[in-house]
Each structure stands twice: as C-alpha cells, then as structure tokens.
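Protein chains in written order, with our numbering: chain A, 2 to 259; chain B, 2 to 400.
Just so you know, even glycine gets a beta-carbon here, dropped at the ideal spot from N, CA and C.
Only a predicted model underlies this, so the values are computations on that prediction, with no experimental measurement involved.
The structure appears below as structure tokens.
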C-alpha cells in the first residue's frame with residue numbers, strides 16, 4: 002500500500018463521507034488493490050482528462066463526491082483545471098507533483114525544478130496553488146508525501162468545501178515504497194530537509210525554487226457559489242417561474258409497468 | 002420502457018432540424034448535454050437549454066470538445082442519458098474520448114453537424130466529410146454505430162434510435178447530420194409516449210458481491226450498475242479483465258478488445274437499416290444517404306421517366322455498412338451510382354462490396370447539389386450506356 006493511498010483513506014474517513022458516495026477519477030493508473038481498500042468507485046480516464054470526466058459525474062449526480070487525481074502535472078488537461086476553477090465545479094483535485102514522471106523515467110515535467118530532473122530543465126515550474134487560486138479554487142494547499150497527517154487533514158477539509166479544491170502533493174511516484182531508487186530516496190531526503198510549513202501565506206509566494214525551501218501548508222480557503230448555484234440562479238433570474246431549478250435526481254425514464 | 006409523458010411535445014409541429022434533434026433526444030430520455038459551441042451546431046445546444054428548463058436536465062458548456070465528450074462519458078456512468086453536439090473540427094478533438102467511450106463501453110450519443118473541411122473549412126457550408134472519421138478516427142480496433150438521417154422527421158426518429166442502440170450495445174453512437182439539414186424546416190410528427198419504445202439501460206440484477214463490470218452476457222454486452230451504490234467498481238481505459246483491472250498481456254487484449262468489435266459485427270444485420278425504392282428490376286441503383294437523398298430520389302424518378310430501370314438504396318445506418326445488401330444488389334444490377342457531399346468516402350465501401358459484379362460511379366456534389374439532381378441523372382444515363390465492366394471507382398465528370 003502506498004503511503005498516499007493510506008493518507009487518502011484517512012482523509013476520507015475523517016470527513017465522515019461514506020466512501021460509497023465517492024468517485025475517484027484519475028489519469029494515472031492505481032493498483033486495483035489500493036482502490037478496493039479505499040472502497041470507492043474508480044475511473045481511470047484518458048491522460049489529463051480526469052477533471053473533465055469528473056465534471057460529468059458530479060453534474061449528473063450531485064450527491065457524489067468526486068476526487069480527480071491528476072498525475073500528468075497540468076500539461077495535458079491544464080485547461081480543464083483552469084476552467085473547473087472558473088466555474089467552481091465541486092471537485093477535490095489532488096495533483097501529484099512527482100518532480101519527474103515515474104512511469105516515463107528521465108523525462109522532465111513542467112513542474113520540475115532544475116535540481117531534481119534527471120536531465121535538468123531550463124523551464125520554469127508552475128506554482129500550482131497560485132495557479133489554482135487565481136482561477137477561482139476555493140481551497141488550496143501543498144504538502145509532501147511525508148506530511149501524512151497534515152495531508153489527510155487537508156483532504157478532509159477539501160472534501161467538506163463546496164467548490165473546486167486543489168491540493169498539490171509532492172510525492173516521488175505513487176508507489177514509491179515498492180521500489181525506492183536513487184532519485185526517490187534523494188527526493189524524500191530533499192523533502193525532509195527542504196520544506197517549511199507556512200500556513201495561510203499568499204499563494205503567489207509559494208513558488209518552488211532552487212534557492213529557497215519548499216513552502217507547504219494550507220494556503221487559501223474561501224467561499225464562492227458553485228457551478229450549479231450560478232446555473233440555477235441565472236436561469237431563475239431570466240426565466241422566473243418557467244424554470245424548475247436543477248436538482249440532479251437521476252432522470253432515467255420510468256420503467257415499463259411502473 | 003416509455004418516455005415520461007410530460008416531456009413530450011406530442012403532435013405535428015413545424016420544426017427545424019436542430020429542434021427535431023433536441024426533441025428526439027428529449028423523447029429518448031436524454032437529460033445531459035455537454036458541448037462546446039461550434040457552427041453549425043449551436044442552434045441544437047441553444048434549443049436543448051430551452052427545453053431543459055423544466056425537465057430537471059442540465060447542460061454544461063465545457064472548455065473544448067475534448068472535455069465535452071469526457072463530461073458526457075462521466076455523466077452517462079451516473080445513469081443519465083447523455084449527448085454532445087459538434088461539427089467536424091470538434092469531432093476531430095473528440096476522437097480521443099470516442100476511443101475511451103468504446104473501451105469503457107459507455108452509452109452516449111454524438112451529434113455531428115457536418116460542415117466542409119479540412120481545417121476550418123466554411124463553418125456554415127454543409128458536407129458529408131466525417132463519414133470515415135466517425136468510424137476510424139480513434140486509434141486501435143473498434144466498431145461504432147453511425148446513423149445518417151436525411152429528413153427533419155428522420156432526425157427526430159434517428160435520435161431515439163441512436164439512444165436505443167447506444168444503451169443496447171453500450172457503444173457511442175454518432176448521428177451524422179449536416180449544416181443544410183439542421184437548418185431545414187419541416188413538419189415533424191412526435192408520437193405519443195406510449196408509441197415510443199425506449200431501450201432500458203442494461204442493469205445488473207444479481208448479488209452485489211458477485212458483480213463483475215466487464216463480465217459479458219451471451220450477446221457480448223456487459224451489465225451496468227449505479228455508481229455510488231457500493232459496488233466499488235474499477236473502470237480503466239487500459240486493457241482490462243472481467244473485474245475491470247488492468248492486465249497487460251496479449252490474452253487479455255484478445256479477451257477485452259475482440260468483443261468490442263464482435264458485439265457490433267455479430268449483430269450488424271440487426272443494426273443495419275436502409276430503405277429501397279424500385280430496386281426489384283433495377284439495372285442502375287443510386288445509393289445515397291443524408292442530405293444527398295432528396296436529389297438522388299429526384300434523379301431516380303426522372304431516369305425512370307426516361308425509361309432507364311433505376312432504383313434507389315437509401316442508407317439509414319452508415320456504420321455498420323449495409324454490406325450484405327449492397328453485395329446482393331450488385332449481383333443483379335449493372336451499376337451503382339454513389340452520391341455523396343464529399344470527394345469520395347462511403348463510395349469506397351460500396352465499391353468494395355460491388356467489385357467484380359457491378360460498376361461503381363461516383364457523383365460528388367456541394368450545397369447546391371442538394372436540390373439539383375442534374376449530375377446524378379447524367380451519371381445514371383452514362384452508367385446505363387456503359388456495357389463493359391470497369392475496375393475501381395468511375396468518377397463522374399460533369400460536362
């Protein structure tokens with residue numbers, strides 16, 4: 002069992018939400034045993050599309066809690082995250098920032114800092130909490146895989162928010178306990194030595210840079226109307242009594258004989 | 002299963018193709034539209050919103066067509082009938098999720114309002130250019146179902162058919178209309194609720210602990226369950242076994258993907274639909290679909306008046322292709338005249354099936370050709386005078 006899955010399970014348990022009512026959409030494959038342990042429904046979607054797929058699930062069954070786990074690091078599907086923030090879709094997005102792709106070794110991702118990419122990259126990394134906050138996310142946080150208690154607490158809090166929550170998790174690949182190699186152990190060591198908790202700090206100041214410690218913590222939490230709130234409000238405003246607000250009760254036509 | 006009465010606009014109304022498309026979808030129980038606006042499909046999404054307001058339906062304008070179809074797939078898994086509307090450039094983007102929809106065996110309907118391409122083409126000019134893309138556009142091996150309505154009434158009828166097919170075979174169904182047809186206005190008869198037959202979703206009814214999401218029935222279709230009901234199911238776009246767990250080997254690829262193809266091919270004869278006119282004694286058979294149909298019919302009738310024994314085969318389903326019927330007809334007829342609003346797509350299928358038996362003459366037409374049957378008539382005359390068997394496709398060149 003990876004530490005991340007255990008942390009996620011703890012976060013879900015603490016939130017008091019029945020795991021049955023949770024759907025995880027993910028663009029990285031998890032081990033089926035791990036998913037079974039969580040007790041949720043699980044959709045492994047196309048790469049980068051977990052947020053978009055989750056949008057469909059959430060809109061048509063608002064009683065579900067949807068957790069898109071994105072591992073492709075805001076390359077493929079970056080636009081989906083941005084727009085989910087804009088329309089404040091009720092999704093709890095967990096972005097695994099692994100510094101390098103585990104599955105495709107030695108390939109640098111957009112978030113990669115120069116220090117820890119196998120080939121080193123000259124590109125600037127995204128500041129994910131800042132990006133999410135700018136796009137309208139109602140909850141942003143960043144933790145490393147070593148901060149299990151804090152991460153679990155953040156997941157609990159995010160699941161209780163109405164709107165898009167984005168939690169960045171610095172983790173050297175999801176199953177890292179199963180095959181620690183040089184890069185991973187050096188990354189773990191790096192987390193240990195180089196992270197600093199600064200709760201409530203302005204997201205724009207949380208950039209991951211070579212010359213300073215990685216800033217982790219819960220950064221922002223706010224309230225905004227969700228997509229369905231604004232959808233119902235707008236159509237009620239325009240149509241008045243002619244509009245029946247959308248409730249999301251499953252609209253399968255009645256079966257024969259009923 | 003019947004649609005809820007209060008959602009239907011039973012009676013005869015003058016509707017545009019776009020409106021008929023939405024009425025068909027609503028009648029079929031569709032309650033979710035995920036889309037990204039594109040000409041000439043915008044009218045459909047606007048009208049859906051208008052109809053959705055009292056039906057507890059919801060729509061979302063996504064950030065692109067990729068996410069539009071992704072959201073539709075997600076929505077379909079919650080048990081809601083879902084669709085998207087788009088045009089050629091959008092369909093190109095949707096190809097990624099067409100593949101995922103096939104792999105996850107997700108029922109959904111994609112309405113493609115075809116316009117000329119490639120690239121941006123002319124946003125409002127109709128075409129039939131997405132015939133092959135709709136069938137072969139995504140990677141890997143798969144089969145889909147494609148329907149091509151040719152009148153406004155047929156758009157309504159075929160939308161219901163499309164949802165029924167997609168629920169029965171658990172496959173994305175593409176409805177190929179075009180920019181001409183969706184703007185056409187005509188009388189449409191919407192039946193009473195009790196006269197509409199809807200295919201219910203194929204739910205699993207055994208004990209929960211024994212549920213396997215990809216265990217196939219005898220007809221090769223796996224059963225669905227509601228999500229959020231404690232089935233803890235695992236669904237992946239990777240090659241998977243009965244449990245939905247990813248297994249990366251050749252045996253599992255065969256186990257998983259071969260039925261995706263067979264579940265359509267084995268039942269192709271049940272799916273395929275076509276209409277025939279005066280083919281019994283016909284020497285020349287015009288084959289048309291979609292907007293080309295009305296001009297093809299005109300030409301066929303004029304040719305009969307001139308004494309040329311001409312028949313007409315109108316294809317309602319494009320995919321799977323009406324292979325057996327075309328082959329049968331090719332043994333009796335002298336030539337096929339294939340009419341399309343493109344530079345030759347479905348004619349390759351026609352020629353493949355008629356090869357060695359009947360000649361295949363191809364007539365292309367644009368927007369003006371939808372109402373003008375001169376080229377088709379001339380091609381019929383040319384075909385009737387040709388007495389030798391020709392290899393390959395003969396392109397009709399207007400004088």
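From the listed residues B:351, B:249 and B:27, the smallest Cα separation to residue 162 of chain B is found for B:27. Under the DSSP assignment, residue 188 of chain B falls outside any alpha helix (DSSP H), being part of the beta strand (DSSP E) whose first and last residues are 186–191. The beta carbon of residue 272 of chain B sits closer than 8 Å to those of 146, 166, 170, 265, 318 and 321, all from its chain and outside the five residues before and after it, given in chain order. Close to chain A, meaning a Cβ-Cβ distance shorter than 9 Å, are the following residues of the segment 63–86 of chain B: 63, 64, 65, 67, 68, 69, 70, 71, 72, 73, 74, 75, 76, 77, 78, 79, 80, 81, 82 and 83. By the Cβ test, the segment 37–47 of chain A is not in contact with the segment 83–92 of chain A, since fewer than three Cβ pairs between them sit closer than 8 Å. In the three-state reduction of the DSSP assignment, residue 249 of chain B falls in the coil class, being assigned neither a helical nor a strand state. Taking every protein chain shown into account, the CB of residue 106 of chain B has 16 or more other CB atoms within 10 angstroms, so this residue is buried. DSSP lists A:215 as the beta-bridge partner residues of residue 196 of chain A. Of A:81, A:148, A:145 and A:97, the smallest CA-CA separation from residue 138 of chain A is found for A:81.
The three-state secondary structure of residue 21 of chain A, taken from DSSP, is helix. At least one CB of chain A lies nearer than 8 Å to the CB of residue 239 of chain B.
For residue 206 of chain B, the closest Cβ of chain A is not nearer than 8 Å. Below the 8 Å Cβ cutoff, chain A contributes 42 as neighbours of residue 232 of chain B, in chain order. The alpha helix (DSSP H) runs lying completely inside the segment 282–347 of chain B and spanning 4 residues or more are 293–306 and 324–333, given in chain order.
The CB of residue 363 of chain B never comes closer than 9 Å to any CB in chain A; the least such distance is about 37 Å. Residue contact with chain B for residue 5 of chain A: absent (no Cβ-Cβ distance below 8 Å to any residue of chain B). In this structure, residue 41 of chain A places its C-beta atom within 8 Å of the C-beta atom of residue 24 of chain A. Contact between residue 361 of chain B and residue 351 of chain B holds, with the beta-carbon distance rounding to 6 Å and staying under 8 Å. Taking a Cβ-Cβ threshold of 7 Å, none of the residues of chain B is close to residue 130 of chain A; the smallest such distance is about 21 Å. Where residue 61 of chain B is concerned, the enclosing beta strand (DSSP E) starts and stops at 59–62.
Here DSSP, grouped into helix, strand and coil, assigns residue 381 of chain B to helix. By the Cβ test, the segment 29–40 of chain A is in contact with the segment 229–238 of chain B, since at least three Cβ pairs between them sit closer than 8 Å.
Comparing alpha carbon positions, the residue from A:154, A:65 and A:170 closest to residue 99 of chain A is A:170. Separation of the CB atoms of residue 30 of chain B and residue 76 of chain B is rounded to 13 Å, and the pair is thereby denied contact status at 8 Å. Residue 71 of chain B sits close to residue 53 of chain A, with the two beta carbons spaced by under 8 Å. Chain A has no Cβ within less than 8 Å of the Cβ of residue 107 of chain B.
Take residue 133 of chain B, set aside five residues on each side of it, and the residues of its chain with a beta-carbon closer than 7 Å to its own are 346, in chain order.
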